[in-house]
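Residue numbers (our numbering): 42 to 450.
Quick reminder that beta carbons are idealized off the backbone N, C-alpha and C, glycines included.
This is how it looks when you write it as C-alpha cells:
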C-alpha cells in the first residue's frame, strides 16, 4: 500500500499545536474504551463478541488507529509531512479479512466504523474546542478525521473481498479434487477427508449426469447447491464430445423422475443412483451408454440409463456377444447375406413378440403371410432346436441388440 494517500496530503495543510496534540494523545485510552462500548451497544453483530481478551484487542486496535491519525496530524508540522499510514491501513485490511474468515459480511464492520467515527469525533472535538482551537481548524480537523476513517473502511472492504475471493478459489479447488477422487473410486476414508476439507456435506446418494458443457450453467441453477461439477476432461469420454459431469446429491426414489424432468431439453445422460462413495459406478454406466451411441439426440429427451439396462449388460463383452451371435446364426451362414439378414430380423421379432404373427408383421412392416413364409424357412434351418430352451435363450440374447453397423457403411 502506498503511504502517500489523500488524507496524508490534506494533513499537510492542518495546523495543530503541540499542546492540543498532547492532550488528545492523553485521552486515547478513554476514547478507545468509549468507542468499543458504543460499538458493542449499537451494532448487534458485536454485542456478544467484543468481550474479554477480544475487547482488549479491539480497544488496542482503536488506540493504534487514533494514534496513527494524531501522528499524521503532528507530521504535518514536520519537514516530511508524509507520515506513513501503511501500518494502520494494513491493520484495517487484516480486520476485513478476519471478518470474512469469521463468516460475517462487511455490514457489521462498516456500521462499527460509523459508530466509532461518531464517538471518537465527539470525544476529540470536545478536547479541541476546550483547547481554544479556531472553528475553521476544528472543521478541517473533522473533515480530515472522517476522510481517514473512510480510508480505513476502504482497506477493510478490500481485505474482506480478497479473503472471500481467495477462500472461494481454495474451496473450488478442494471441490474439484473431491469430484475427481469420487470418479476415480478412491477409498472411502480418502473421500471423507476430502469432503471435510472442502466443507461439502456428504449426501446419502449421488447420481451422475453427463451433458454438454454449454448446458452446465443453466442446469446447475436448477439443482442443489451441493451438486459437484468437474471442469476437467472426463476419463472414458472423448474430448471432442465436450461433455461435463455433474454429481447430484440425494435424487433417489421419486426424486429421480423430478431430476429427469429438470434435465429435459438439455441433452443429458442420467446414470443410476449410487451411495455417494460409490458414484464411480454411476459414472461408468453413463459413459458406457454414451460410448454405445445411446445418448439423446440434439434436441431429444433425457437418456435414462435405467431404461437401457439390457443393451448395457449385453455390451459389457462385445467380443463375447459377437461370438454368441455367430454361433446361434450358424444355420443361416450358407444363405446370401441379404436373405440371412431378413431371416435373422424376422427370428428376432418372433422371439421378442412371442410368436404373435400380426405383431411381428407390424414390427417389420410386412404382410403376415411374409412372416409365415420366413418363419417356415427358419424352422427348416433350425429344426427342433427352436424348441430347446437353452437355444431360445442364446438366440434371445444374441438378437436382443441389433448388430453394430460395419465401418464404412
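Compute the minimum distance between the beta carbon of residue i and the heavy atoms of the ligand COA, and state whether it is under 7 angstroms.
i	result
residue 365	Looking for the ligand COA in the displayed structure turns up nothing, as the structure carries no ligands at all.
Give me the Cβ distance between residue i and residue j, rounded to the nearest whole Å; I'm assuming they're in contact under 8 angstroms.
i	j	result
residue 441	residue 366	Incorrect: roughly 10 angstroms between the Cβ atoms, too far for contact.
residue 200	residue 137	3 angstroms
residue 322	residue 315	5 angstroms
residue 166	residue 183	7 angstroms
residue 285	residue 257	5 angstroms
residue 178	residue 64	Between residue 64 and residue 178 the Cβ distance is about 15 angstroms, and since that is not below 8 angstroms, they are no contact.
residue 373	residue 385	6 angstroms
Going by alpha carbons, who is nearest to residue i out of the options?
i	options	result
residue 371	426, 327, 405, 59	426
residue 250	304, 202, 105	304
residue 164	138, 247, 66	66
residue 140	203, 259, 155	203
residue 173	103, 62, 229	62
residue 111	161, 214, 395, 375	161
residue 310	293, 347, 299, 320	347
residue 86	103, 255, 151	151
residue 211	320, 241, 349, 358	241
residue 149	83, 104, 179	83
residue 264	246, 428, 288	288
residue 430	297, 97, 392	392
residue 354	206, 333, 192, 394	333
residue 269	320, 293, 296, 230	320
residue 225	255, 324, 298, 169	324
residue 186	170, 113, 248	113
residue 213	357, 101, 156, 266	266
residue 142	126, 255, 209, 181	209
residue 146	350, 205, 433	205
residue 390	230, 418, 127, 404	404
Using a threshold of 8 angstroms, state whether the C-beta atoms of residue i and residue j are closer than that.
i	j	result
residue 244	residue 290	yes
residue 106	residue 197	no
residue 451	residue 109	Since the first residue of the chain shown is 42 and the last is 450, residue 451 is not available in this structure.
residue 239	residue 261	no
residue 80	residue 153	yes
residue 413	residue 397	no
residue 236	residue 190	no
residue 369	residue 436	yes
residue 383	residue 415	yes
residue 104	residue 73	yes
residue 408	residue 400	no
residue 312	residue 326	yes
Taking residue i as part of the beta strand (DSSP E), name the residues at either end of that continuous run.
i	result
residue 359	Taken as a continuous stretch (DSSP letters only), residue 359 belongs to no beta strand (DSSP E), being part of the alpha helix (DSSP H) at 359 to 369.
residue 312	310 to 316
residue 467	Within the shown structure, residues of the chain are numbered from 42 to 450, placing residue 467 beyond reach of any answer.
residue 432	No beta strand (DSSP E) holds residue 432; the alpha helix (DSSP H) holding it covers 430 to 441.
residue 343	No beta strand (DSSP E) contains residue 343, which DSSP labels as neither H nor E.
residue 86	Residue 86 -> no beta strand (DSSP E), and no H or E assigned at all.
residue 270	269 to 271
residue 333	Note, residue 333: premise wrong, no beta strand (DSSP E); not H, not E.
residue 288	284 to 290
Can you name the start and end residues of the alpha helix (DSSP H) that residue i belongs to?
i	result
residue 186	176 to 224
residue 383	378 to 393
residue 257	257 to 261
residue 147	147 to 171
residue 407	Segment: none, residue 407 is in no alpha helix (DSSP H) and carries neither H nor E.
residue 64	59 to 67
residue 138	127 to 142
residue 229	229 to 238
residue 296	296 to 304
residue 427	No alpha helix (DSSP H) contains residue 427, which DSSP labels as neither H nor E.
residue 351	350 to 355
Worksheet item: Looking at C-beta atoms only, is the number of pairs between the segment 166 to 182 and the segment 211 to 218 that lie closer than 8 angstroms three or more?
Response: no
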